[in-house]
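One structure is given here, and the rest of the page talks about it.
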Amino acid sequence: MSSGPLTDKPPTSIAAVHDFGAKLRQPSLVERLKEYVLWQASLRGHPLKEALPFDKALGPERSPISINLDLTTACNYLCDHCVDYDILNTGIRHDDEALKNSLALMADKGLRSVILIGGGEPTVYPKFEEIVHFLKDRAVQTAVVTNGSGNAKILSVAHRFDERDWVRLSLDSGNDATFQAMHKPKKKITLDQICDRIPLIKEKNPRLRIGFSFIITWKGATANNFAIVENIGEIVEAAERARRYQFDYISFKPFLERAPENNAEVVGITDAAREFDETIRRIRREVDRAKSLETPGFRVVESTNLRVLENRTYKEFTRQPKTCHFQFFRQVLSPLGIYNCPVYRHVPQAKMGEKGGYATPADYAGTRARVAELIRGFNATSECKEVTCLYNPANWWLEDLIEHPEKLEMLDLVDEQQDFFF
Ligand code: SF4
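Residue numbers for the sequence shown follow my numbering, so the first one is 1422 and each next one is one higher.
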């Protein structure tokens, strides 16, 4: 029995960009949704009107719709708040040809979007530009999350992106002193030097959306055995900077820590009432001031995580159904292997295959079986009980559809957005 939200509507705190149920109801994806629901319903013994057109034990012969692609584990910064600190600079690499074969095979099997992210810093990968060309040649929606040090590479491929793609720089600071303290670049680079390139990229391709990402940190937060530099006082300064340098938006989200028991990313703010309230009040005041800087061409975005932290509904997002359905639609491909969720890079119980697991049809056959096995065996209720999971409402909604597959006939389709980022 499912016991979560039962409607097509996610909670109001969920931003449209995180309304994954709606994305699956786009006309271009709805068949993918239906085949998955019918597969899971039949596994649970619900009678179906028609036989499944694929092997019930293995599921639809598909790739994920969206992947986080860690191009490298190497990073040229030493950020104190890095959630991937433990897996950086391992020296473990992709095999370049196998990686391209994997992307080609996945694109053939329905991959629609790739976020180039880390693990490490994607622009450090020597063939970064080649991968962007490779993806755009196959009409795969592409995004980049970068520390800003490789903006010259982004500039060189800027013309390949369209208005559905985006680049987001993780900068987290309003001035260079804080930037240096938080990010510790190994080779000298200043916040101004990073931001200086943004107008050049926008000039080359005004359609490409560029974001300034600001993870809000507070006194007392720790990670990687460091006390984290606090930056709440720079929220407004960072917004002014982002607008001045022609970013399309600045987004604010709360700092995440790693849970010791399973390495999951969790909201690290203490729940002690007074401290919580005071921290949240300060964040709210500064974000509201930043919002007054919005213009038609510049937005101030509050992340879903920040909203659910503030309205204290974040605990609701930690109550997951047993099955995480989104591991079918969105995965992580990294030099360390294939994983079921961005929260679980390199966690053994979340591993779906080796890094070449999509490189050949034979590799894919093994990965497909393992994906089916994890959908069955990975217990999200216990594994993810500390995670403020943005997929939570959509996972519960899928759970309800699987228990009531007749509801597929009454699905509320949404207008096609061509938004395939999950
Ligand atoms: S339930 Fe959420 S946190 Fe857990 S694996 Fe699924 S998407 Fe990731």
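Built from N, CA and C at the ideal position, the CB exists for glycine as well.
For residue i, verify whether its CB is less than 6 Å away from any heavy atom of the ligand SF4.
i	result
A1495	no
A1815	no
F1749	no
Y1760	no
A1801	yes
Q1770	no
Q1461	no
C1745	yes
V1722	no
Y1785	no
Y1735	no
L1805	A quick correction: the sequence has Cys, not Leu, at residue 1805. Within the cutoff, so yes.
V1808	yes
Y1670	no
Q1741	yes
Y1457	no
V1867	Nothing can be reported for residue 1867, as the shown portion of the chain is limited to 1422 through 1843.
V1729	no
V1764	yes
N1812	Here residue 1812 turns out to be Tyr, not Asn, going by the sequence shown. Yes, the ligand SF4 has a heavy atom inside 6 Å of this Cβ.
Can you give the beta carbon distance from residue i to residue j, rounded, assuming they're within the 8 Å contact cut?
i	j	result
L1537	L1490	5 Å
L1532	V1561	6 Å
T1567	P1547	Going by Cβ atoms, the distance from T1567 to P1547 rounds to 15 Å, so no, they are not a contact pair.
Going by the CB atoms, is the gap between residue j and residue i shorter than 7 Å?
i	j	result
H1580	N1626	yes
N1726	K1674	yes
S1449	S1487	no
P1756	K1772	no
R1589	G1632	yes
N1800	F1738	no
A1519	R1559	no
L1621	L1592	no
G1569	I1615	yes
E1658	G1595	yes
V1565	N1497	no
I1823	V1458	yes
Q1752	P1485	yes
A1672	S1634	The residue you asked about is not Ala; residue 1672 is Ser in the sequence shown. Yes; because the gap between Cβ atoms is below 7 Å, this pair is in contact.
I1513	T1493	no
K1605	Q1667	no
R1791	G1774	yes
I1701	E1731	yes
D1669	R1703	no
Rounded to whole angstroms, what is the Cα-Cα separation between residue i and residue j?
i	j	result
L1612	T1638	18 Å
V1721	L1479	43 Å
E1820	P1742	8 Å
R1628	D1586	9 Å
E1452	E1830	12 Å
E1837	F1582	19 Å
A1436	N1816	16 Å
K1455	A1462	10 Å
G1758	T1744	21 Å
E1804	R1665	43 Å
G1654	N1572	27 Å
G1425	L1832	Residue placement at G1425 is poorly supported in this model, since its pLDDT is 44, which falls under 50; the coordinates still yield a value, given next. Their backbone Cα atoms lie some 18 Å apart in a straight line.
L1469	K1530	25 Å
T1781	Q1447	30 Å
H1746	I1796	7 Å
H1767	K1828	37 Å
K1574	I1636	24 Å
A1648	T1734	27 Å
Y1779	D1505	24 Å
V1578	E1550	6 Å
M1422	P1826	Low confidence applies to M1422: its pLDDT is 40, below 50, so where it sits in the model is not reliable, and the reading given next is rough at best. So the two alpha carbons sit approximately 13 Å from each other.
D1617	I1610	11 Å
E1471	D1440	30 Å
L1427	W1818	With a pLDDT of only 44 at L1427, under the threshold of 50, the placement of this residue in the model should not be trusted; the figure read from the coordinates follows. Cα to Cα, the separation comes out at about 6 Å.
R1728	R1483	34 Å
M1603	A1786	43 Å
F1843	F1750	8 Å
Q1770	T1802	14 Å
D1784	Q1748	18 Å
R1406	E1723	Not covered by the structure: residue 1406. The range shown for the chain is 1422 to 1843.
D1362	V1650	Since the displayed the chain opens at 1422 and closes at 1843, residue 1362 lies outside it and no answer follows.
F1841	N1522	21 Å
H1515	L1524	12 Å
Tell me, please, whether the CB atom of residue i is closer than 7 Å to any CB atom in chain D?
i	result
I1636	The structure shown contains no chain D, having only a single protein chain.
Indicate, with yes or no, if the ligand FMN has a heavy atom lying under 6 Å from the CB of residue i.
i	result
V1504	For the structure depicted, the ligand FMN is absent and the ligand set comprises only the ligand SF4.
Would the region 1494-1509 and the region 1798-1812 be scored as touching if the rule is three or more Cβ pairs under 8 Å? The answer is no - the region 1798-1812 does not touch the region 1494-1509, with fewer than three Cβ pairs under 8 Å.
Are the region 1553-1560 and the region 1592-1601 touching by the rule of at least three beta carbon pairs closer than 8 Å? No, they do not touch.
Touching by the beta-carbon criterion (3+ pairs, under 8 Å), the region 1760-1769 and the region 1703-1720: The region 1760-1769 is not in contact with the region 1703-1720.
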